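Reading through the structure tokens given below for one structure.
2 protein chains.
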Amino acid sequence: MNTTEMIETPQELWNLIRKDEYLKSTAGVALGYLQTNLVPLPQEYAFDFLLFCQRNPKPCPILEVMEPGEFEPKILAKGADIRTDVPFYRIYENGELKSETKNILDYWQDDLVSFLIGCSFTFETAMLNADIPLRHIEQDTTVPMYITNIDTKPAGKFSGPTVVSMRPIHKENLVRAVQVTSRFPGTHGAPIHIGEPGEIGIQDINTPDFGEKSEIKDNEIPVFWACGVTPQAVALKSKPPIMITHSPGYMFVTSTRDESVAVI
Amino acid sequence: MNTTEMIETPQELWNLIRKDEYLKSTAGVALGYLQTNLVPLPQEYAFDFLLFCQRNPKPCPILEVMEPGEFEPKILAKGADIRTDVPFYRIYENGELKSETKNILDYWQDDLVSFLIGCSFTFETAMLNADIPLRHIEQDTTVPMYITNIDTKPAGKFSGPTVVSMRPIHKENLVRAVQVTSRFPGTHGAPIHIGEPGEIGIQDINTPDFGEKSEIKDNEIPVFWACGVTPQAVALKSKPPIMITHSPGYMFVTSTRDESVAVI
Chain A
80 MNTTEMIETP QELWNLIRKD EYLKSTAGVA LGYLQTNLVP LPQEYAFDFL
130 LFCQRNPKPC PILEVMEPGE FEPKILAKGA DIRTDVPFYR IYENGELKSE
180 TKNILDYWQD DLVSFLIGCS FTFETAMLNA DIPLRHIEQD TTVPMYITNI
230 DTKPAGKFSG PTVVSMRPIH KENLVRAVQV TSRFPGTHGA PIHIGEPGEI
280 GIQDINTPDF GEKSEIKDNE IPVFWACGVT PQAVALKSKP PIMITHSPGY
330 MFVTSTRDES VAVI
Chain B
80 MNTTEMIETP QELWNLIRKD EYLKSTAGVA LGYLQTNLVP LPQEYAFDFL
130 LFCQRNPKPC PILEVMEPGE FEPKILAKGA DIRTDVPFYR IYENGELKSE
180 TKNILDYWQD DLVSFLIGCS FTFETAMLNA DIPLRHIEQD TTVPMYITNI
230 DTKPAGKFSG PTVVSMRPIH KENLVRAVQV TSRFPGTHGA PIHIGEPGEI
280 GIQDINTPDF GEKSEIKDNE IPVFWACGVT PQAVALKSKP PIMITHSPGY
330 MFVTSTRDES VAVI
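Those protein sequence lines, which keep their order, are chains A and B.
Numbering follows our numbering, in which position 245 of the first sequence is assigned residue number 324; successive positions increment by one, without gaps.
Numbering follows our numbering, in which position 60 of the second sequence is assigned residue number 139; successive positions increment by one, without gaps.
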């Protein structure tokens, strides 16, 4: 009943998650629907965070911001409840991880402003559809992520380095990979660096800061995209009294199609 | 000395404006550089306005938001001063036009948050470069603008209808006009309606709500783009104690190239 393959609509998925019958990563589920990072933050942090995201659209592509206290994403996912419809959540207090929970009903506050931020699952689906293989999917590992020397543009309380994800791309697929991901600025968009890890401050490509190593084979070039870990890392650095996020890989699945956020 | 044709750089233009030696529309000046709408608003309105723009990117494409009290646009126009470098400003108090001034030094407040919003001059230059003629430029009139029945997505204090501009496009140029403007989501992007004024609530195409009539000739189709008058109209409706804007047609010229905000 709850195998990933059989879940075709977001509504089915939300229902299963609410009943604690779906407790896996959302990779590959309800394929073609936009998945997002979730960040509810206290209202007093909301303006600075929104401004930070506006200034740094590649790591922080905002897809929806909900009114204070609202838990139904009226634009991207009518009928959903972000307090219950994500398989796992992380609760941070003053910048420290306190617990991981299946819903956030007990942690909800009327002053929380929830941000839905684009996720690379969208452009990875587009690359696979264009016959561009992705090593971390072939090898069933987590994509390697690195803290770079590329500073984000600060805003109010928020500042810090850009985190990137790396995918080895065969040189014959390089142009197509840039084209395909450029169509999706709402989910990190085009790469921010191609080729030289050292130039963006990465000492050892085989030792990622997050995720797992991806082997780079002959005729493959390391290609780097801005990563959704950036806004989360930057927000935690400011130590808000409470901040909630989805657990990594356990995204919020909207009822909006990937293609609806493509630019052309 | 101060003829439009001779002014090639934004820096030259800013200097002339500061000395009250440039008092004309900025259309066609420093060609190829991004021009923007300017909206300084009190900080207490800034979050709702930023959220409104985030939810309505076609009429309200934000290019830069400055920190409270800042008057140098550090991202798009280093060295400029938005208090002096626009030829004419309008001062609104409680939603009503109070005066038009050559600078806003006397009106400046440390709690003003300034928004720079994309302007259709950018995509019009791109259309002219693609040999798509524009009637209002041929006839030296102001582009016709209409209040539609397309509601914006409200945010906090801000709500209201979408205002559109109309350009008659020959049917042979229709596809190219969509393609060219789609490259510039940061300056209103692709059209939001093609062909039937009545369907978006426009009673009489020959009686625009703002600007002047544009004749629609044989084999031409009326094409509608979301218009930067929308955020201004919506903000004034909320009657902030003070709100400043550029005067229509007298834009802020940045030192950033149009092409740098194209998506591909």
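We treat Cβ as the ideally placed atom computed from N, Cα and C, and that holds for glycine.
Remember, predicted model here, so these are calculated numbers, not experimental data.
(request) Give the DSSP bridge partners of Leu195/A, in chain order. (result) Here residue 195/A is taken as the residue at index 116 of the first sequence, counted from 1. In the DSSP output, where bridge partners are listed per residue, Leu195/A has Leu117/A and Glu143/A.
(message) Are the CB atoms of Met224/A and Cys306/A within a distance shorter than 9 Å?
(response) Within the first sequence, numbered from 1, the residue matching residue 306/A stands at position 227. Within the first sequence, numbered from 1, the residue matching residue 224/A stands at position 145. Taking 9 Å as the Cβ cut-off, Cys306/A and Met224/A qualify as a contacting pair.
(request) Could you please tell me which residues of the segment 129–140 of chain B, in chain order, have their CB closer than 9 Å to any CB of chain A? (result) Leu129, Leu130, Cys132, Gln133 and Arg134
(request) For Arg262/B, count neighbouring C-beta atoms within 10 Å of its own C-beta (all shown protein chains included) and say buried if the count is 16 or more, exposed if not. (result) The residue given as residue 262/B occupies position 183 in the second sequence. Its Cβ being crowded by 16 or more others within 10 Å, Arg262/B is buried.
(request) Give the residues of chain B in contact with Lys232/A, contact being defined as C-beta atoms less than 9 Å apart. (result) Counting from one through the first sequence, the residue named residue 232/A turns up at place 153. What Lys232/A touches in chain B: Lys153 and Ile154.
(request) Tell me, please, whether the CB atom of Ala312/B is closer than 9 Å to any CB atom in chain A? (result) As a working mapping, residue 312/B is identified with position 233 in the second sequence. No, because no Cβ of chain A sits closer than 9 Å to the Cβ of Ala312/B.
(request) Classify Ser244/A as buried or exposed, calling it buried when 16 or more other Cβ atoms lie within 10 Å of its own Cβ. (result) Reading the first sequence from its first residue, position 165 is the one you call residue 244/A. With 16 or more other Cβ atoms within 10 Å, it is buried.
(message) Rounding to the nearest angstrom, what Cα-Cα distance links Met322/A and Pro327/B in this structure?
(response) Within the first sequence, residue 322/A is the residue found at index 243, counting from 1. Within the second sequence, residue 327/B is the residue found at index 248, counting from 1. Going by the C-alpha atoms only, they are around 42 Å apart.
(request) Could you say which of Glu294/A, Val242/A and Asp164/A lies nearest to Glu100/A if we only look at CA atoms? (result) Start at 1 with the first residue of the first sequence, and residue 100/A comes out as number 21. Residue nearest to Glu100/A within the set Glu294/A, Val242/A and Asp164/A is Asp164/A (criterion: CA-CA distance).
(request) Check whether the Cβ atoms of Gly265/B and His215/B lie closer than 9 Å to each other. (result) Translated into the one-based positions of the second sequence, residue 265/B becomes position 186. Translated into the one-based positions of the second sequence, residue 215/B becomes position 136. In this structure, His215/B does not lie closer than 9 Å to Gly265/B by Cβ.
(message) Going by DSSP in three states, Asn182/B sits in which element: helix, strand or coil?
(response) On the second sequence, position 103 is the one that residue 182/B refers to. For Asn182/B, the three-state secondary structure derived from DSSP is coil.
(request) On a CA-only basis, which of Glu278/A, Phe303/A and Ile161/A is nearest Ser199/A? Give me that one, please. (result) One-based indexing of the first sequence puts residue 199/A at position 120. The option with the nearest alpha carbon to Ser199/A is Phe303/A.
(message) Is Gly239/A a contact residue of the ligand PLP, with contact defined as CB to any heavy atom under 8 Å?
(response) The model depicted lacks the ligand PLP and carries no ligand whatsoever.
(message) Using 9 Å as the threshold, is the C-beta distance between Lys153/A and Tyr168/A below it?
(response) For the purposes of this step, residue 153/A is taken as the residue at position 74 of the first sequence. For the purposes of this step, residue 168/A is taken as the residue at position 89 of the first sequence. Their beta carbons are not under 9 Å apart, which means Lys153/A does not touch Tyr168/A by this criterion.
(request) Return the residue from the list Pro276/B, Val332/B and Ala269/B that minimises the CA-CA distance to Ile343/A. (result) As a position in the first sequence, residue 343/A is number 264, starting the count at 1. Selected option, being the one with the closest Cα: Ala269/B.
(request) Return the chain-ordered list of same chain residues with a C-beta closer than 7 Å to the C-beta of Pro276/B, the five sequence neighbours on each side being excluded. (result) Against the second sequence, residue 276/B aligns to sequence position 197. The beta carbon of Pro276/B sits closer than 7 Å to the beta carbons of Ile284 and Pro301 from its chain, once the five residues preceding and following it are set aside; these are given in chain order.
(request) Measure the alpha-carbon distance for Asp219/B versus Glu91/A and round it to whole angstroms. (result) Here the question's residue 219/B lines up with position 140 in the second sequence. Here the question's residue 91/A lines up with position 12 in the first sequence. Their backbone Cα atoms lie some 57 Å apart in a straight line.
(request) Could you confirm whether any beta carbon from chain A is found closer than 9 Å to the beta carbon of Gln258/B? (result) Working through the second sequence from its first residue, we reach residue 258/B at position 179. True, the Cβ-Cβ gap to chain A drops below 9 Å.
(request) Label Pro166/A either buried or exposed according to how many other C-beta atoms from any shown protein chain fall within 10 Å of its C-beta, with 16 as the threshold for buried. (result) Working through the first sequence from its first residue, we reach residue 166/A at position 87. The residue in question, Pro166/A, is buried, as its Cβ has 16 or more Cβ neighbours within 10 Å.
(request) Examine chain A for any beta-carbon lying closer than 9 Å to the beta-carbon of Gly235/B, and answer yes or no. (result) Counting from one through the second sequence, the residue named residue 235/B turns up at place 156. Interface residue, yes.
(message) Within the continuous alpha helix (DSSP H) that includes Asp283/A, where are the two ends?
(response) By 1-based counting over the first sequence, the position of residue 283/A is 204. Going by DSSP, Asp283/A is part of no alpha helix (DSSP H) at all; its letter is neither H nor E.
(request) Excluding the 5 residues preceding and the 5 following Ile141/B in the sequence, name in chain order all residues of the same chain whose CB lies nearer than 8 Å to its CB. (result) Numbered from 1 along the second sequence, position 62 holds the residue referred to as residue 141/B. Around Ile141/B: Leu129, Cys132, Gln133, Phe194, Leu195, Ile196 and Gly197.
(message) Let me see if you follow: with CB-CB separation under 9 Å, is Val342/A close to chain B or not?
(response) Along the first sequence, one-based indexing puts residue 342/A at 263. Taking Cβ atoms only, chain B reaches closer than 9 Å to Val342/A, which makes this a yes.
(request) Using a cut-off of 7 Å between C-beta atoms, extract the partners of Val144/B located in chain A. (result) Translated into the one-based positions of the second sequence, residue 144/B becomes position 65. Residues of chain A passing the Cβ test: Leu130 and Gln133.
(request) Go through its chain and collect everything with a Cβ distance to Glu143/A's Cβ below 7 Å, but skip five positions before and after it. (result) Taking the first residue of the first sequence as position 1, residue 143/A is located at position 64. Taken in chain order, the residues that qualify are Pro152, Ile154, Leu155 and Leu195.
(message) On the CB-based measure, 16 or more other CB atoms within 10 Å of its CB, does Asn135/B come out buried or exposed?
(response) Along the second sequence, one-based indexing puts residue 135/B at 56. Classification of Asn135/B: buried, given that the 10 Å Cβ count is 16 or more.
(message) Please state whether the Cβ-Cβ distance between Met330/A and Thr88/A is less than 9 Å.
(response) To locate residue 330/A, count along the first sequence from 1; it is residue 251. To locate residue 88/A, count along the first sequence from 1; it is residue 9. Not in contact: Met330/A and Thr88/A (Cβ atoms no closer than 9 Å).
(message) With H, G and I counted as helix, E and B as strand and the rest as coil, what does DSSP make of Asn228/A?
(response) Position 149 of the first sequence, counted from the start, is the residue given in the question as residue 228/A. In this structure, Asn228/A counts as strand in the three-state DSSP scheme.
(request) Determine, using beta carbons only, whether Thr260/B and Pro138/B come nearer to each other than 9 Å. (result) Locating residue 260/B in the second sequence gives position 181, counting from the first residue. Locating residue 138/B in the second sequence gives position 59, counting from the first residue. Not a contact, by the Cβ cut-off of 9 Å.
(message) Please classify Asp352/B as buried or exposed, where buried requires at least 16 neighbouring CB atoms within 10 angstroms.
(response) Outside the shown range of chain B (80 to 343) lies residue 352/B, about which nothing can therefore be said.
(message) DSSP has Thr324/B in a bridge; who is on the other side?
(response) As a first step, residue 324/B is located in the second sequence; it is residue number 245 there, counting from the start. Paired residues: Arg169/B.
(request) Would you check if the distance between the CB atom of Ile295/B and the CB atom of Pro247/B is smaller than 9 Å? (result) Counted from its first residue, the second sequence places residue 295/B at position 216. Counted from its first residue, the second sequence places residue 247/B at position 168. Going by C-beta atoms, Ile295/B is nearer than 9 Å to Pro247/B.
(request) Say whether chain B places a C-beta atom closer than 9 Å to the C-beta of Met80/A. (result) Taking the first residue of the first sequence as 1, we reach residue 80/A at position 1. Note that Met80/A scores 44 on pLDDT, short of 50, meaning its location in the model is unreliable; the coordinates nonetheless yield the value given after this. The beta-carbon of Met80/A is placed no less than 9 Å from the nearest beta-carbon of chain B.
(message) In the DSSP output, which residue or residues are listed as bridge partners for Ile273/B?
(response) To locate residue 273/B, count along the second sequence from 1; it is residue 194. Residue pairing of Ile273/B in beta bridges, as defined by DSSP: Val302/B.
(request) Would you list the one or two residues that DSSP bridges to Leu176/B? (result) Taking the second sequence and counting its residues from 1, the one referred to as residue 176/B is at position 97. DSSP, once it has assigned bridges, lists Tyr171/B as partnering Leu176/B.
(request) Can you give me the start and stop residues for the alpha helix (DSSP H) that Arg214/B sits inside? (result) As a first step, residue 214/B is located in the second sequence; it is residue number 135 there, counting from the start. Unbroken alpha helix (DSSP H) run through Arg214/B: Arg214 to Glu217.
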